[in-house]
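Visitor:
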Amino acid sequence: MALGNDRFGGPLWHAGRDWLKTAQHQDATVMKKPEILRALPQRRYKFGEFTVVVLGDIETGDAVNYRYILAVVREGDAEPGIYLTCESARDGQQQLRLIMRDGAEVIAEDPQFADVEVFTASGLDILRQILNLGDEEAYRLM
337 MALGNDRFGG PLWHAGRDWL KTAQHQDATV MKKPEILRAL PQRRYKFGEF
387 TVVVLGDIET GDAVNYRYIL AVVREGDAEP GIYLTCESAR DGQQQLRLIM
437 RDGAEVIAED PQFADVEVFT ASGLDILRQI LNLGDEEAYR LM
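So the sequence shown is numbered by the numbering used here: it starts at 337 and just counts up by one.
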């Protein structure tokens, strides 16, 4: 279930680095983030200078069927700058969608992402790559 590095070689990968530079600017592009009405925190991690929260049991104001949402907040920021979502497709697949300030892209599909442990481990690996966290460990807080 490895994600190829080529999935991060396009514009969104570069946007991830730009996000690190522009997350605090008021004039940054508006992100198409999930319209969360209600969700239950499933996991919380400290990952370098970021807090990562995995949400489940999600009710939203949009038409997407979210199984999980992983939200990434940099220290000092009030709002998440990156979302990774697990969305249930009609054919039983679970799609991983990376949402950042300048766009969103489905980066993987696998029914195994329906398991919160698989989704979380995959999400943390993806974040390690796009945020250049190298050997940084994700410490579970909840």
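Think of the CB as a built atom: it goes at the ideal place given N, C-alpha and C, for glycine as much as any other residue.
Looking at Val409 and the ligand GTP, is the gap between the Cβ and the nearest heavy atom below 8 Å?
Guide: By its list of ligands, the structure shown contains no ligand whatsoever, and the ligand GTP lies outside what it can speak to.
Visitor: First and last residue of the beta strand (DSSP E) that includes Gly439?
Guide: By 1-based counting over the sequence shown, the position of residue 439 is 103. Gly439 -> beta strand (DSSP E) spans Gly439 to Glu445.
Visitor: According to DSSP, simplified to helix, strand and coil, what is Val454?
Guide: Here residue 454 corresponds to residue number 118 of the sequence shown, with the count starting at 1. Correct three-state label for Val454: helix.
Visitor: Considering only residues of the same chain and omitting the five flanking positions on each side of His361, which have a CB-CB separation below 6 Å?
Guide: Counted from its first residue, the sequence shown places residue 361 at position 25. Reliability fails at His361, whose pLDDT of 41 lies under 50, so the model's placement of it is uncertain and no value is given.
Visitor: State whether the region 367 to 376 contacts the region 456 to 474, with contact taken as three or more CB pairs (one from each stretch) at a distance under 8 Å.
Guide: Short answer: they don't touch.
Visitor: Rounded to whole angstroms, what's the CA-CA distance from Val409 to Val452? Just pull it up for me.
Guide: Stepping through the sequence shown from its first residue, residue 409 is reached at position 73. Stepping through the sequence shown from its first residue, residue 452 is reached at position 116. Taking the straight line joining both Cα atoms gives about 20 Å.
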